[in-house]
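Shown next, in structure tokens, is the structure this report addresses.
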Ligand SMILES: Nc1ncnc2c1ncn2[C@@H]1O[C@H](COP(=O)(O)OP(=O)(O)OP(=O)(O)O)[C@@H](O)[C@H]1O
Ligand SMILES: [Mg+2]
């Protein structure tokens, strides 16, 4: 992974972004992750056009958009699975190039996918330490790993799991999601991205995941949640960013939106109902 400190920052935005209005945040409010002018195509399909996104620490940003809007591609680009065709990413103000999932993990970025994140045949402790097992001389230090896993789950108030030695296959969808999130917290992640975390969950499980998301934010992490569910969005998000056909069409504090305006932006890329605007991270219509 390459890192450079931009001299004076990306004044006026990314190269080739003439005409785009980019408002750099005031000093001291640099978001944890700042994307500028990210584009990505697959063959003839342009999945992302010149996307700007700010993910501040201690805040939940909801990434909204209709099917095929580019939410997962954007997430995978941040996670290092896809390489952008152009654009810049700034991590704590430094220009970074994330070439692989390993690069993003080493920055402190953890991505949680609904069913793919965990190994079914392993128990909770084994999952949380997968690939990063603690050794005591040549042997696994089971006590130490068990203690750390239990402490992390307790700190997140995950209380419905009966035994941390339970195979993950026997957990409910919400519990699996909780373990995946706890794993992210245990490894001192700074940014957690959740792609549709509640899509397959029931009412009680959804509640547990939303409470966890709030706790991550209280721990000072930046959280990005992809959701189609506006109830979830309005419950947990501090900020909303809306993609429409690969373009970021709105991005602002949650108080700048109401439900109808989010739906308008998701379905048509514009809205006459935006409630308020703020000085930075303004959507471009
Ligand atoms: N690996 C790929 N190869 C080719 N096209 C792709 C690939 N991944 C995504 N796309 C295309 O990029 C566009 C955006 O897809 P993406 O998966 O990001 O949508 P999304 O916003 O996550 O939608 P959903 O809400 O349905 O999950 C779509 O047109 C999709 O077909
Ligand atoms: Mg998707």
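In my numbering, the protein residues as written are 82 to 366. For each residue, glycine too, the CB sits at the ideal point set by N, CA and C. Small disclaimer: the values here were computed from a predicted structure and weren't measured.
Exercise. Which two residues bound the contiguous alpha helix (DSSP H) that contains residue 252?
Worked result: That residue, residue 252, is in no alpha helix (DSSP H); it is neither H nor E in DSSP.
Exercise. In the region 288-341, which residue ranges form an unbroken alpha helix (DSSP H) of at least 4 residues, counting only runs that do not cross its ends?
Worked result: 311-317
For this session: May I ask whether a heavy atom of ligand 2 can be found less than 6 Å away from the beta carbon of residue 152?
Result: yes
Problem set entry | Simplified DSSP assignment, three categories, for residue 217 | In the three-state DSSP reduction, residue 217 falls in the strand class (E or B).
Exercise. Taking the alpha-carbon positions, what's the residue 229 to residue 144 distance?
Worked result: 31 Å
Problem set entry | Coil, strand or helix - residue 280 by DSSP | coil
Exercise. Is any heavy atom of ligand 1 found at a distance shorter than 6 Å from the C-beta of residue 317?
Worked result: no
For this session: Starting from residue 152, follow the alpha helix (DSSP H) in both directions and report where the run begins and ends.
Result: 152-159
For this session: Output the distance between the C-alpha atoms of residue 350 and residue 149, rounded to the nearest integer angstrom.
Result: 13 Å
Exercise. Could you give the distance in angstroms between the alpha-carbon of residue 248 and the alpha-carbon of residue 211?
Worked result: 13 Å
For this session: Report the residue from 246, 160 and 169 whose alpha carbon sits nearest the alpha carbon of residue 132.
Result: Nearest C-alpha to residue 132 among 246, 160 and 169: 169.
For this session: Have a look at residue 354 and residue 328 and give me their C-alpha separation to the nearest angstrom.
Result: The C-alpha of residue 354 lies about 19 Å from the C-alpha of residue 328.
Exercise. In three-state DSSP terms, what is residue 247?
Worked result: coil
For this session: For residue 286, I'd like the list of residues in its chain whose CB is within less than 7 Å of its CB, leaving aside the five on either flank, ordered along the chain.
Result: 253, 254 and 255
Exercise. Measuring from the CB of residue 132, is there a heavy atom of ligand 1 at a distance below 6 Å?
Worked result: no
For this session: Using the DSSP secondary-structure output, state which residues sit across from residue 169 in a beta bridge.
Result: 117
Exercise. Hey, would you say the C-beta of residue 128 is under 6 Å away from at least one heavy atom of ligand 1?
Worked result: yes
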